[in-house]
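One structure below.
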Amino acid sequence: MAGKLSGFYFKQVVNALMNPNITLRKYAKHIENMRDDGWYDWDEYIEIVNEIAQKLSPRVLENIGRDLVTQSKPLFVQQGFDTPDKILEDYYALFSANIKGAPAKDEVHTVSYEAGHAIIEAGLAQPTALVKGYLRGIVEMFDQQIQSFTCEEVKNDKGFKVNRMELTWN
Numbered sequence: 001m002a003g004k005l006s007g008f009y010f011k012q013v014v015n016a017l018m019n020p021n022i023t024l025r026k027y028a029k030h031i032e033n034m035r036d037d038g039w040y041d042w043d044e045y046i047e048i049v050n051e052i053a054q055k056l057s058p059r060v061l062e063n064i065g066r067d068l069v070t071q072s073k074p075l076f077v078q079q080g081f082d083t084p085d086k087i088l089e090d091y092y093a094l095f096s097a098n099i100k101g102a103p104a105k106d107e108v109h110t111v112s113y114e115a116g117h118a119i120i121e122a123g124l125a126q127p128t129a130l131v132k133g134y135l136r137g138i139v140e141m142f143d144q145q146i147q148s149f150t151c152e153e154v155k156n157d158k159g160f161k162v163n164r165m166e167l168t169w170n
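Counting in UniProt numbering, the sequence shown runs from 1 upward without gaps.
Spelled out as structure tokens, the structure:
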């Protein structure tokens, strides 16, 4: 069975991607009818997000990801994630708080962490630029700054292709 994610998260991402200049408003009614506290199909989410993302530049996607995280700060704080370190030391805790049962190849995990430095591996299901934006937003929403950020596609220790993102902040 495919994973599920919260209606809040599904709606936030897809609505941000469907700006008025995009012809993919076909999802608008479906998204509008979702409940924030409902759980929705991961595969459908990935299909919609990637279809829309193909119409946007990586820079726009990254900015959307950053802005989505910033707008979601109250939810993250409510879930106990009140510093970038609390999120980045175990990114999977945030991922699994908002996404249930996603395929292992799609998950996002912290590989290495020390204060101000993390290596995160993210499955390739979500657009790379969007995930990069999420990570930037996590740091910036707590008034800290990214010092360096690299991203490369690698095979992880489970044999999945992932984006390995290394970032430092202060």
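Cβ coordinates follow ideal geometry from the N, Cα and C atoms, glycine included.
Asked, Found
"Do you know how far the Cα of residue 68 is from the Cα of residue 16?", "8 Å"
"Taking the alpha carbon of residue 49 as the point to measure from, which residue in 118, 31, 105 has its own alpha carbon closest?", "31"
"Compute the Euclidean distance between the alpha carbons of residue 158 and residue 102, then round it to the nearest angstrom.", "15 Å"
"Looking only at C-alpha atoms, which of 52, 35, 170, 130 sits nearest to residue 143?", "170"
"Between residue 117 and chain D, is any beta-carbon pair separated by less than 9 Å?", "The chain labelled as chain D is not found in the depicted structure, where only one protein chain is given."
"Please report the residue range of the beta strand (DSSP E) in which residue 40 lies.", "39 to 41"
"In whole angstroms, give me the CA-to-CA distance for residue 52 and residue 42.", "15 Å"
"Measure from the alpha carbon of residue 27 to the alpha carbon of each residue in 11, 130, 145, then state which is nearest.", "11"
"Specify the secondary structure class of residue 121 as computed by DSSP and reduced to three states.", "strand"
"If you reduce the DSSP assignment to three classes, tell me which class residue 71 lands in.", "helix"
"Do the stretch 74 to 83 and the stretch 119 to 135 touch if we need at least three Cβ pairs shorter than 8 Å?", "no"
"What is the rounded straight-line gap between the Cα of residue 149 and the Cα of residue 120?", "11 Å"
"With residue 34 and residue 7 assumed to form a contact (beta carbons below 8 Å), what rounded beta-carbon distance in angstroms separates them?", "4 Å"
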